[in-house]
Every structure is written in C-alpha cells, then in structure tokens.
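J.: Quick one: the structure is below, and I'll ask about it shortly.
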Amino acid sequence: MKYTYYGQSCFQLDIAGKKFLFDPFITHNSLAKHIDKNTIEADYILISHGHTDHIADLVEIANRTNAQVIAMVEVAAWIKKQGVKNVTDVNFGKSHFDFGALRTVWAVHSSSNPDLSYGGNPAGFVLELGGKCIYYAGDTALTLEMKILADLYLIDYAILPIGGHYTMDVDDALVATEFLNCNKVIGVHYNTFPPIQIDTEKAQAKFKRENKMLLLPAIGETIEL
Ligand code: NI
Ligand code: MN
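Quick note, my numbering runs 11 ahead of the 1-based positions in the sequence shown.
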C-alpha cells in the first residue's frame, strides 16, 4: 500500500490496485504550490465533510477522473448540484462497494458546504482492503466514539488530524492511539494555517517517547506502508 500526501488532509491511498483520494484541497494551499492537481489519479474520492479545506478541488478532479465520489448525504447533494455525475451518498454505518466494505464513522466537528448550505454530520472512514485496515478520522476532536473501533477492527494505520485549534492536537492524537489500539499514526491537518502550526520534531519526539510512530511525509512524498 502506498500513501501520498498532498497537504492539509488531502492524501491518496494506492491499495489493492485502486486509488483512493481523500479531501482534495490543493490549489488554495500555499504549502502545496508544487503539486499539479491535474496529475492526481483517483478511482474513488472520499469526502469527510463540506468545509472548503476538504473539498475545494473536488469538482475539478472528480470531473477529470470520473472517480466515484463518496460523501455524507448532505455533502453528496451539494456535490451533485455542481454537476458531478458519479456520486454515492452514505451515512454512518457500513456500506458495500465494489472494492469492499467502508464504514462511515462519527467525527466530533461541524460541516457546511462551500455555499454555506447545511452539510449534515462530519465523518471519518474505516477502509478494509488488501489485508489492511485504515482509519481516517476526518476533522474531529478527541472522542470516546473511537474506542468502538478498537473492538471492531485491528487498525494498521490511523490517519489523524494533529494541528489542534479546530481538531485534535498532538497530545489528543496520542490519547486517540490508546482508544484505537493503534500505534502507527499518519498526521494530517497541520501547518496549513497559522492556528494549526505545530513543531513537527517535538510532535514526533512525543510519539517516540511512548514507543509510537508518527509519520509526517512531506507534501508530494509517497511512502510505502
Ligand atoms: Ni473542518
Ligand atoms: Mn478542516
């Protein structure tokens, strides 16, 4: 499985021959100026919630790739309104796709669409594919809801927001590893804006001290998981 980071909470998982793109936000990210969004491939695009920093480049990438877009009902309705054809709405629970099962899970946050229409509830996702189990938390505060995932899954990697202010910070993410029973974290949602600036070296040292791993690939970097 390959993980490519595109900044903020945008990343691509290349797993079992399928490319999953999450929360595309590139053009308006000053840290991602070197990324050419026209080269990004996707078979599926998953949207955690309707905030601009998760959806700004969706319409263009979806139309170019004809990827299947998966989002909560209210966000999916907004996406369809933009003329995107291949959209599947989901709600909390387990959904079955041609690639396998996807669980849409609770995130403690808010959600509105770019036109400020109601975005329903924000979400995270658990993806089981190619013998791996990946949890992407979306934008969320620390929540006991995460504990149920440790009962349901053996999570290989947890992709967690670590920038604080709008979401969990590094210390909360460390607590989340206990809730999730998963010591391998990939950090997202940090450094893009002043309120979510963090000291990445200190963050990784905190994880190391507890014998946990915090992966922070550079924007544009691909890592093998
Ligand atoms: Ni948000
Ligand atoms: Mn966000």
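C-beta atoms are modelled at their ideal positions from N, C-alpha and C, and glycine is treated no differently.
Rounded to whole angstroms, what is the Cα-Cα separation between Thr63 and Met179?
T.: The count along the sequence shown starts at 1 and reaches residue 63 at position 52. The count along the sequence shown starts at 1 and reaches residue 179 at position 168. Distance between the alpha carbons of Thr63 and Met179 is about 19 Å.
J.: Contact check, Gly135 vs Trp89 under 8 Å by CB: the rounded distance?
T.: Looking up residue 135 in the sequence shown gives position 124. Looking up residue 89 in the sequence shown gives position 78. Going by Cβ atoms, the distance from Gly135 to Trp89 rounds to 19 Å, so no, they are not a contact pair.
J.: Which residues are close to ligand 1, meaning CB closer than 5 Å to any heavy atom, in chain order?
T.: Listed along the chain, these residues meet the criterion: His62 and Asp150.
J.: Please work out which residues of its chain come closer than 7 Å, Cβ to Cβ, to Gln215, disregarding the five sequence neighbours upstream and downstream, and give them in chain order.
T.: As a working mapping, residue 215 is identified with position 204 in the sequence shown. Once the five neighbours on either side are set aside, the close Cβ partners of Gln215 are Leu225 and Leu227.
J.: If we define contact as Cβ-Cβ less than 7 Å, is Asp126 a contact residue for chain D?
T.: Note that chain D does not occur in the displayed structure, where there is just one protein chain.
J.: Thinking C-beta only, is Ile72 closer than 7 Å to Pro35?
T.: Working through the sequence shown from its first residue, we reach residue 35 at position 24. Working through the sequence shown from its first residue, we reach residue 72 at position 61. The answer is yes: Cβ separation under 7 Å.
J.: Does DSSP put Asp100 in a helix, a strand or coil?
T.: Position 89 of the sequence shown, counted from the start, is the residue given in the question as residue 100. In the structure shown, Asp100 sits in a strand (DSSP, three-state: E or B).
J.: Can you check the stretch 205-235 for any alpha helix (DSSP H) of at least 4 residues that lies completely inside it and give the ranges in chain order?
T.: Counting whole runs of 4 or more residues, the stretch 205-235 contains the alpha helix (DSSP H) stretches 211-220.
J.: What beta strand (DSSP E) runs, 3 residues minimum, are completely inside the stretch 71-158?
T.: Whole beta strand (DSSP E) segments, 3+ residues: 79-83, 98-101, 104-108, 111-117, 134-140 and 143-147.
J.: With 16 as the cutoff for other CB atoms within 10 Å, does Pro206 come out buried or exposed?
T.: Residue numbering aside, residue 206 sits at position 195 when the sequence shown is read from its first letter. That one is exposed.
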